[in-house]
Structures are given as structure tokens and as C-alpha cells.
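Single-structure report; data block below.
Residue numbers (our numbering): 49 to 152.
Here it is, written out as C-alpha cells:
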């Protein structure tokens, strides 16, 4: 096979990871985060006036339980894509998380 034939050969399709397979409608954006990940970060960045408003928004807007929301958020804090997407928010949340761990 010559160089021209190799250039014309299509690349094999990559398999989506397990999280992408169960959410095909949520494709990764330019930062590598899918729509749900970006929505979690956006919701966390908002300020809340009343107790319970955030939990209600998590259920209504994201369709997640509070526990699942915080699991996803905690996982996002360790991802470089989340840091690139919202550096101020992610660094602040990392500091809060580290302070809580140190207090235990």
C-alpha cells in the first residue's frame, strides 16, 4: 500500500465510553465535557436565595437526586476538562473540599 492509499482509508470509529453509551444525545463539547457535565457546573455556579432552592433546581432541571448531583460534581472537580471550562469555580470548590477533608 502506498502513502496515497493510506491517506484515503477511513479511520475506524471509536467506541464511546460507558457514560457516553447510555447518554448518546449528550455529546462532548469543545472542552471535552458533555451537556450534563456543563449543566452541573452551571447550576453550581449560581447563587441561591432560599434553602432548598438548589435541590429543587437539581431535580427539576437536571432530573437528578441531590446525592447523584454531588457525586457527579465531586467527580468533575478532578477532571482537567472541568478546570479548563470553569477554572474559578472548580478551584474554589476544590479548596472547599480540601478544607472539609482536613477538618475531619
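Idealized CB from N, CA, C, for every residue including glycine.
Query: Contact set for residue 122: own chain, Cβ-Cβ below 6 Å, skip 5 residues either direction; Result: none
Query: Candidates 132, 84 and 140: closest to residue 109 by CA position; Result: 84
Query: Backbone secondary structure at residue 72 - three-state DSSP; Result: Only weak support exists for where residue 72 lies, its pLDDT of 41 falling under 50; the value from the coordinates is given anyway. Note: residue 72 maps to coil in three-state DSSP.
Query: Residue 87 versus residue 102 - alpha carbon distance; Result: 13 Å
Query: Local conformation of residue 127 per DSSP, three classes; Result: coil
Query: Residue range of the alpha helix (DSSP H) that includes residue 89; Result: 83–93
Query: Sub-8 Å separation of residue 92 and residue 131 beta-carbons; Result: no
Query: Cα-Cα separation, residue 125 to residue 144; Result: 11 Å
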